[in-house]
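Plus 71 on top of the position in the sequence shown (first one is 1) and you've got the working numbering. Glycine included, every Cβ here is placed at the ideal spot set by N, Cα and C.
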Amino acid sequence: MHFGLIGYPLTHSFSKKLFDKKFSNHIPQATYENFSIKNITSFPSLIKNNPSLKGLNVTTPYKKKIIPYLHFLDSSAKNVQSVNTITLHEKKYIGYNTDSKAFEISLKTWLPKPYTAFQALILGTGGAARAVGQACKNLCIAHQYVSRNPKSSQYSYQNLMENPNLIQRYKLVIQCTPLGMYPNSTPFLPFPYKYIQHMHYLYDLIYNPRLTFFLKKGLQKGAKVKNGYEMLCLQAKYAWKIWKL
Numbered sequence: 072m073h074f075g076l077i078g079y080p081l082t083h084s085f086s087k088k089l090f091d092k093k094f095s096n097h098i099p100q101a102t103y104e105n106f107s108i109k110n111i112t113s114f115p116s117l118i119k120n121n122p123s124l125k126g127l128n129v130t131t132p133y134k135k136k137i138i139p140y141l142h143f144l145d146s147s148a149k150n151v152q153s154v155n156t157i158t159l160h161e162k163k164y165i166g167y168n169t170d171s172k173a174f175e176i177s178l179k180t181w182l183p184k185p186y187t188a189f190q191a192l193i194l195g196t197g198g199a200a201r202a203v204g205q206a207c208k209n210l211c212i213a214h215q216y217v218s219r220n221p222k223s224s225q226y227s228y229q230n231l232m233e234n235p236n237l238i239q240r241y242k243l244v245i246q247c248t249p250l251g252m253y254p255n256s257t258p259f260l261p262f263p264y265k266y267i268q269h270m271h272y273l274y275d276l277i278y279n280p281r282l283t284f285f286l287k288k289g290l291q292k293g294a295k296v297k298n299g300y301e302m303l304c305l306q307a308k309y310a311w312k313i314w315k316l
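What follows is the structure in structure tokens.
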């Protein structure tokens with residue numbers, strides 16, 4: 072049995088380490104491989120060249136781009152139009168999303184109750200951000216997306232910069248972009264960190280590095296911070312169940 076991860080680049084990912092350990096302990100004959108593909112159009116040839124593949128994880132930037140290449144979407148992926156887990160069986164490719172459930176569980180272990188007391192800013196509008204939005208919806212947390220190119224219902228980063236009242240209103244801020252991820256950990260979002268206070272909760276889906284610029288700035292302001300490592304482990308656990316291992 073063969074499994075793997077597709078994305079680009081993959082130097083930041085801990086997924087192989089997690090699954091290598093699981094396979095070693097439970098299914099030593101199974102293998103896990105990183106497939107760093109520069110374009111999603113390489114997906115069909117990857118499948119053709121690896122006929123023993125039974126399942127894949129999907130990471131940045133292909134969680135939405137992979138969808139046209141799949142035969143079916145599970146409801147978990149259909150709801151957010153984002154895929155991070157695939158099963159390959161009898162030439163049928165089925166997409167799932169375990170990010171949303173993993174984030175929801177991780178958030179519940181961290182935020183104080185009642186969750187409805189929080190409003191959330193979701194930084195980014197990609198596949199991971201959509202999964203986070205679904206988790207917030209499940210917990211009845213009012214949320215708003217922030218984008219560099221906002222739609223009419225979204226905030227721009229300039230809106231945040233110009234309006235400190237917005238930052239005071241939204242006590243939960245969730246960073247869902249790849250900015251600040253290893254090895255290129257220098258870039259950061261144009262976020263008004265000066266308005267962050269001790270009552271804020273900052274969650275960054277990035278787990279490598281352990282403390283991103285986003286989280287470091289939050290700590291400097293006395294905010295509570297959390298990275299995405301727990302979410303990574305949880306989504307891997309749910310992918311394991313989907314693969315029926």
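Worksheet entry | Residues near Y264 by beta carbon distance below 7 Å, same chain, minus five either side | For this step, residue 264 is matched to residue 193 along the sequence shown. So the list reads K288, K292, once near-sequence residues are dropped.
Worksheet entry | Reduced DSSP category for I137 - H, G, I as helix; E, B as strand; rest coil | In the sequence shown, residue 137 corresponds to position 66, counting from 1. DSSP places I137 in coil when its eight states are reduced to three.
Item to complete: Report yes if the C-beta distance between L282 and M302 is below 8 Å; otherwise report no.
Response: Translated into the one-based positions of the sequence shown, residue 282 becomes position 211. Translated into the one-based positions of the sequence shown, residue 302 becomes position 231. Not closer than 8 Å, so no.
Worksheet item: So does the region 192-199 actually touch the region 209-229, counting three or more Cβ pairs closer than 8 Å?
Response: yes
Discussion item. Is it the case that the region 117-133 contacts the region 81-96, given that we only count it when at least three CB pairs across the two stretches are under 8 Å?
Written reply: yes
Practice prompt. Mind checking which residues open and close the alpha helix (DSSP H) that includes G289?
Written response: If you number the sequence shown from 1, residue 289 lands on position 218. Element bounds for G289: 284-291.
Item to complete: Could you work out which residue in Q100, I245, S116 is closest to Q205 when comparing CA atoms only?
Response: Position 134 of the sequence shown holds residue 205. Restricting attention to Q100, I245, S116, the CA atom closest to the CA of Q205 is found in I245.
Worksheet item: Thinking just about the alpha-carbon of each residue, which of N279, L260, K242 is nearest to the one in A191?
Response: Your numbering for residue 191 matches position 120 in the sequence shown. Sorting N279, L260, K242 by C-alpha distance to the C-alpha of A191 places K242 at the top.
Worksheet entry | Uninterrupted alpha helix (DSSP H) stretches inside the region 143-188 (no shorter than 4 residues) | 146-149, 170-179
Fill in: First through last residue of the alpha helix (DSSP H) which encompasses I118
In the sequence shown, counting from the first residue as 1, residue 118 sits at position 47. Element bounds for I118: 114-120.
Fill in: Residue burial classification, A200 (beta-carbon count within 10 angstroms, cutoff 16)
Taking the first residue of the sequence shown as position 1, residue 200 is located at position 129. It counts as buried.
Fill in: Whole-angstrom distance between S107 and Q208, CA atom to CA atom
The residue labelled residue 208 in the question sits at position 137 within the sequence shown. The residue labelled residue 107 in the question sits at position 36 within the sequence shown. Per the sequence shown, the amino acid found at residue 208 is Lys instead of Gln. If you take the alpha carbons of K208 and S107, they lie about 33 Å apart.
Worksheet item: Taking contact to mean at least 3 C-beta pairs separated by less than 8 Å, is the region 176-185 in contact with the region 220-236?
Response: no
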